[in-house]
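Mapped onto the numbering used here, the consecutive letters of the sequence shown carry residue numbers 546 to 717. One structure is given here, and the rest of the page talks about it.
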Amino acid sequence: MHQLSQAVALYDEGLVILRRLIEQENHRELEPNLAGILNRKGNTLYKMDQPSQAIAIWDECIVIYRRLVKKEGRSELEPDLANVLMNKATALRDMGQFPQTVMLHDESIAIYRQLVEQKGRHDLKNKLTNAIEEKKIVTQVLSYSDEQRKSLIAIMKLLKGIDFSGAKIKSS
546 MHQLSQAVAL YDEGLVILRR LIEQENHREL EPNLAGILNR KGNTLYKMDQ PSQAIAIWDE
606 CIVIYRRLVK KEGRSELEPD LANVLMNKAT ALRDMGQFPQ TVMLHDESIA IYRQLVEQKG
666 RHDLKNKLTN AIEEKKIVTQ VLSYSDEQRK SLIAIMKLLK GIDFSGAKIK SS
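Structure representation (structure tokens):
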């Protein structure tokens with residue numbers, strides 16, 4: 546956990562420098578770097594079990610990517626936008642905010658689908674498939690009773706804290 550805290554501190558230092566370069570010295574070409582560092586900081590906060598803080602960081606990142614993609618025509622950043630939307634969706638899912646999760650999945654699916662089907666980005670097929678599968682799961686969870694959803698959230702929190710890296714599955 547200490548290494549993750551150090552990473553957040555380093556991200557914060559980098560963000561201060563980038564913001565100064567962008568805002569005071571007008572180096573707008575560094576905005577994708579700013580968004581990228583924000584995304585990584587959000588990922589680190591999420592790993593530190595701070596989903597609310599991660600979501601706040603991803604929100605800022607999403608604003609930057611949306612502006613760059615939609616207003617400035619930076620289509621090469623579309624996969625990055627879709628990725629951050631999925632990151633935020635995962636955190637919201639873990640917090641039990643399933644309707645918002647579905648909306649984020651819809652947006653990321655639309656981006657990935659356009660990239661794969663219209664722009665020939667076949668390298669993103671797995672990301673599209675994962676987004677669709679995640680949405681199916683969350684949509685199914687929405688059909689559960691409140692009590693079932695609360696139980697599921699409690700189980701997910703328990704499982705999140707378990708390290709399965711050394712686990713071996715026995716086949717019968």
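Glycine included, every Cβ here is placed at the ideal spot set by N, Cα and C.
- prompt: Based on Cα-Cα distance, which residue from Lys615, Glu568, Ile700 and Asn628 lies nearest to Asn584?
  reply: Taking the first residue of the sequence shown as 1, we reach residue 584 at position 39. Nearest of Lys615, Glu568, Ile700 and Asn628 to Asn584, Cα basis: Asn628.
message: For Gln595 and Met648, what's the separation of their Cα atoms in angstroms?
response: The residue labelled residue 595 in the question sits at position 50 within the sequence shown. The residue labelled residue 648 in the question sits at position 103 within the sequence shown. Using only the alpha carbons, I get a separation of about 22 Å.
task: Excluding the 5 residues preceding and the 5 following Ala552 in the sequence, name in chain order all residues of the same chain whose CB lies nearer than 6 Å to its CB.
output: In the sequence shown, residue 552 corresponds to position 7, counting from 1. Counting only Cβ-Cβ distances below 6 Å, and skipping sequence neighbours, we find Thr589.
field: Contacting residues, own chain, Cβ-Cβ under 7 Å from Ser717 (five flanking each side not counted)
entry: Counting from 1 along the sequence shown, the entry for residue 717 is found at position 172. For Ser717, the pLDDT reaches just 48, beneath the cut-off of 50, and the residue's location in the model is therefore unreliable, leaving the point undetermined.
- prompt: For the alpha helix (DSSP H) that Tyr556 lies in, which residues bound it at each end?
  reply: Along the sequence shown, one-based indexing puts residue 556 at 11. It spans His547 to Glu568 - the alpha helix (DSSP H) in which Tyr556 sits, taken as one unbroken run.
- request: Whole angstroms is fine: what's the gap from Leu660's alpha carbon to Ala634's?
  value: Indexing the sequence shown from 1 puts residue 660 at position 115. Indexing the sequence shown from 1 puts residue 634 at position 89. Those two C-alpha atoms are separated by around 20 Å.
message: So for Glu617, helix, strand or coil by DSSP?
response: Taking the first residue of the sequence shown as 1, we reach residue 617 at position 72. Glu617: coil per DSSP, three-state reduction.
Cβ neighbour criterion (16 or more within 10 Å) applied to Pro624: As a working note, residue 624 is residue 79 in the sequence shown. Buried.
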